[in-house]
Amino acid sequence: MLLEKNISAVKERIKQAALISGRKPEDIKLLAVTKTQNIDTIQEALENGIKFIAENKVQEAEKKIPLLRGKFSEFHFIGHLQSNKIKHIIKLKPVLIHSIDKYSTAKKLNTYLAKNSLTQDILIEVNTSGEASKFGIKSESALQLISSISQLENIRIKGLMTIGLFTSDESKIRGCFKELRKLSEQLKKNDLANTEMKYLSMGMTNDFEIAIEEGANIVRIGTAVFGTRNY
Ligand SMILES: *Cc1c(COP(=O)(O)O)cnc(C)c1O
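Every letter in the sequence shown is one number past the one before it in numbering that gives the first Met the number 0, and letter 77, counting from 1, is 76.
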């Protein structure tokens, strides 16, 4: 009951932000971030309008995703991927891995995929906030990283992901999202192999409307759907 209300409120806010910026609401994918949520809660969300779910920890996803199979239409992985967890995450068949920021991880991922005759769609995580605590490649190094990863034949680069600066200063948050969008437009011109700048994954509970105004077509929302997390 509670989740139903939350979900329709989030969808309405996405719709308004899309309309304000001259975009189609249906072009924006709502990913419900299910980290820390139990199976019953996730199931309730899936019965009340959520289709796409995302986790940020491989071990947690391994426990939950197999139990939810058939009930969601897409599972995305949005957390930092350690190279020793590659096999584990690929077995869960993520539609998209949002968070590749190192060539060494991509290379190991490609080796595993090639051995198993698989391909995988990924996004490159970019650090637009300058916060050292966050993962992601810096914008100025992104072209070089993406050029290298584009040579890996079992990986398809589908766009970029970022986490906005955590601040109440809206102009700084907007600056992060503008930077990601600009970078994706530059990368489009490079016409790299296996690379398509289709997705901008940006915007969370506190900033998704700003992200949509700046061009996000995937938003990753936890708190506004499920309430405050209990770790
Ligand atoms: C937790 C998380 C989110 C969702 O955060 P909320 O503020 O709860 O909406 C989005 N993206 C990533 C990468 C996360 O880890």
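All C-beta atoms in this analysis are idealised placements derived from N, C-alpha and C, irrespective of residue type, glycine included. Source: prediction; values computed, not measured.
Is it the case that the Cβ atoms of residue i and residue j are separated by a distance below 7 Å?
i	j	result
GLU212	SER20	yes
SER140	VAL125	no
LEU30	ARG180	no
ASN47	LEU2	yes
SER183	LEU199	yes
GLY158	MET203	no
SER128	ALA192	no
THR104	SER82	yes
VAL57	ILE38	no
LYS28	ILE145	no
MET201	THR161	yes
ASN115	LEU151	no
ILE172	ILE136	no
TYR231	SER147	Past the edges of the chain, shown from 0 to 230, lies residue 231, and the structure says nothing about it.
LEU45	LYS84	no
With DSSP run on the structure shown, which of helix, strand or coil describes residue i?
i	result
THR161	coil
ARG68	coil
GLU5	Glu is not the amino acid found at residue 5; the sequence shown has Asn there. If DSSP states are grouped into helix, strand and coil, ASN5 belongs with the helices.
ASN126	strand
PHE134	coil
HIS97	strand
ASP26	helix
HIS79	coil
GLU54	strand
LEU199	strand
THR118	coil
ARG228	coil
ILE49	coil
ALA215	coil
GLU208	helix
GLU73	strand
ALA192	coil
Do you know how far the Cα of residue j is from the Cα of residue i?
i	j	result
ALA223	ASP120	27 Å
ARG155	ALA215	19 Å
PHE134	LEU122	13 Å
PRO93	LYS23	26 Å
LYS63	ARG228	17 Å
ASP26	LYS14	10 Å
ALA113	LEU95	17 Å
LEU91	LEU66	11 Å
THR118	GLU43	32 Å
LYS243	GLU59	This structure cannot speak to residue 243, because the chain is shown only from 0 to 230.
LEU142	VAL9	34 Å
PHE51	ARG68	12 Å
GLU61	ILE41	15 Å
SER98	SER7	28 Å
GLY221	GLU178	24 Å
Measuring only from the beta carbon, is residue i closer than 6 Å to any heavy atom that is part of ligand 2?
i	result
MET203	With respect to small molecules bound, the structure shown includes ligand 1 and not ligand 2.
Three CB pairs or more closer than 8 Å across the region 63-77 and the region 26-39: The region 63-77 is in contact with the region 26-39.
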